[in-house]
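**Q** Take a look at this one; I'll ask things after.
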Amino acid sequence: MKSKETYMQELKQWLKDTSDSPLEEMSDFFTKRLDGYEEHMSDLEKSYQMFADILPLKCRKVLDLGCGTGLELDKIWQKNPDIEVTGVDLCQSMLNKLQEKHSDKPLTTICQDYFQYDFGNGKWDAVISFESLHHFLPERKIDLYRKIFHSLKDGGIFILGDYIACCDEEEELLRGVYLKKRTLSPIAENCFVHFDIPLTLDHEKDLLQNVGFTIEEVLRNPDNATIITAAKTLP
Numbered sequence: 300m301k302s303k304e305t306y307m308q309e310l311k312q313w314l315k316d317t318s319d320s321p322l323e324e325m326s327d328f329f330t331k332r333l334d335g336y337e338e339h340m341s342d343l344e345k346s347y348q349m350f351a352d353i354l355p356l357k358c359r360k361v362l363d364l365g366c367g368t369g370l371e372l373d374k375i376w377q378k379n380p381d382i383e384v385t386g387v388d389l390c391q392s393m394l395n396k397l398q399e400k401h402s403d404k405p406l407t408t409i410c411q412d413y414f415q416y417d418f419g420n421g422k423w424d425a426v427i428s429f430e431s432l433h434h435f436l437p438e439r440k441i442d443l444y445r446k447i448f449h450s451l452k453d454g455g456i457f458i459l460g461d462y463i464a465c466c467d468e469e470e471e472l473l474r475g476v477y478l479k480k481r482t483l484s485p486i487a488e489n490c491f492v493h494f495d496i497p498l499t500l501d502h503e504k505d506l507l508q509n510v511g512f513t514i515e516e517v518l519r520n521p522d523n524a525t526i527i528t529a530a531k532t533l534p
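No gaps in the numbering here: position 45 of the sequence shown is 344 in my numbering, and each next residue is one more.
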């Protein structure tokens, strides 16, 4: 495990080395990297398994935000092949890959911006998201978390597996670089771009609690993913 000081030094060097790299539109970024995507994400194998193990077996209807090719769903369906999943993602080519892998599963895919997609009210046993939401500023995320909260059945859960900033310095550094690059980018403001802007664990938890969630569990894995379980508990 790297020390925070070593990690921050390496991050600053990487940002310096890539300072001239332009932002890419989100869907284009993943479409270009589809062929090697699952191999690239294989380092998170333990986190995908842990993510699946946390999902209660009683959950029958699940909404997956930013599902991609479904690496978390691979593990979830190994445990319970009858779970009904609706997967929402901006990248149609990744959804096509997901459908190819799991054509025999109760799966509905939606190619749409999940900030705009109607989740419904009291509809889902669980909403899940793995390595997707760290691409968005907290001002956008809190509205999404509020929508997730209302879309869950009473007693439902939101399971977030994501890249979490190690400290305030990392969060502020990446946000500053992002905002500068966004200002210089020709990509329209209403289009999502691929750049990591993670929050610290405390700030992520604050957003969730501010919309009514109860934080039930936090797991920090050796492969650097953090998993947060947040419940919609009855008053």
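Ideal Cβ positions, reconstructed from N, Cα and C, are used throughout, including at glycine.
1) Just verifying my parser: in three-state terms, what is the DSSP assignment at Arg332?
2) Pull up the DSSP beta-bridge partners for Asp539, would you.
3) Go ahead and label Cys466 buried or exposed: buried means 16 or more other beta carbons lie within 10 angstroms of its beta carbon, across all protein chains shown.
4) From the DSSP output, read off the bridge partner residues of Asp412.
5) Go ahead and label His339 buried or exposed: buried means 16 or more other beta carbons lie within 10 angstroms of its beta carbon, across all protein chains shown.
6) So Leu432 and Lys440 are in contact, right, with Cβ under 8 Å, and what is the actual spacing, rounded?
7) Is the beta carbon of Asp381 sitting closer than 8 Å to the one on Pro355?
8) Short check: CB of Ile447 to CB of Pro497, under 8 Å?
9) Could you tell me whether the stretch 468-482 touches the stretch 510-530, where touching means 3 or more Cβ pairs closer than 8 Å?
10) Against chain B, with Cβ distances strictly below 8 Å, would Phe418 count as a contact?
11) What three-state label does DSSP hand Gly419 in the structure shown?
12) On a CA-only basis, which of Asp424, Tyr306, Gln308 is nearest Thr385? Give me that one, please.
13) Report the three-state DSSP secondary structure of Ala351 (helix, strand or coil).
14) Tell me which same chain residues have a C-beta within less than 6 Å of the C-beta of Lys504, skipping the five on either side of it?
15) Figure out for me which residue from Gln415, His449, Leu472, Lys303 has the closest Cα to the Cα of Lys315.
16) Spatial neighbours of Ile527 within its chain, please: C-beta separation below 6 Å, excluding the five flanking residues on both sides.
17) Of all the options Leu436, Gly421, Pro485, which has the alpha carbon lying nearest to the alpha carbon of Phe457?
**A** For this structure:
1) Translated into the one-based positions of the sequence shown, residue 332 becomes position 33. Looking at Arg332 - three-state DSSP - the assignment turns out to be coil, as it is neither helix nor strand.
2) Since the first and last residues shown for the chain are 300 and 534, residue 539 lies out of range.
3) Position 167 of the sequence shown, counted from the first residue, corresponds to residue 466. Per the 10 Å Cβ criterion, exposed.
4) Sequence index remark: in the sequence shown, residue 412 carries index 113 (1-based). DSSP lists no partner for Asp412.
5) On the sequence shown, residue 339 is found 40 positions in, with the first residue counted as 1. The residue in question, His339, is exposed, as its Cβ has fewer than 16 Cβ neighbours within 10 Å.
6) Residue 432 sits at position 133 when you count from the first residue of the sequence shown. Residue 440 sits at position 141 when you count from the first residue of the sequence shown. The Cβ separation is near 6 Å, so the contact holds.
7) Here residue 381 refers to the residue found at position 82 of the sequence shown. Here residue 355 refers to the residue found at position 56 of the sequence shown. Not closer than 8 Å, so no.
8) Reading the sequence shown from its first residue, position 148 is the one you call residue 447. Reading the sequence shown from its first residue, position 198 is the one you call residue 497. With a cutoff of 8 Å on beta-carbon distance, Ile447 and Pro497 are scored as not near each other.
9) no
10) Here chain B cannot be found, since the structure has a single protein chain.
11) What you label residue 419 is simply residue 120 of the sequence shown in a count that begins at 1. Gly419 falls in the coil class under three-state DSSP.
12) The residue given as residue 385 occupies position 86 in the sequence shown. Ranked by Cα distance from Thr385, the first of Asp424, Tyr306, Gln308 is Asp424.
13) Locating residue 351 in the sequence shown gives position 52, where the first residue counts as 1. Here Ala351 sits in helix by DSSP.
14) Reading the sequence shown from its first residue, position 205 is the one you call residue 504. Result list for Lys504: Ile514, in chain order.
15) The sequence position of residue 315 within the sequence shown is 16, counting from 1. With distances taken between Cα atoms, Lys315 lies closest to Leu472.
16) To locate residue 527, count along the sequence shown from 1; it is residue 228. Close CB contacts of Ile527 within its chain, under the 6 Å cut and outside five residues either way in sequence, are with Leu459, Val517 (chain order).
17) As a working mapping, residue 457 is identified with position 158 in the sequence shown. It is Gly421.
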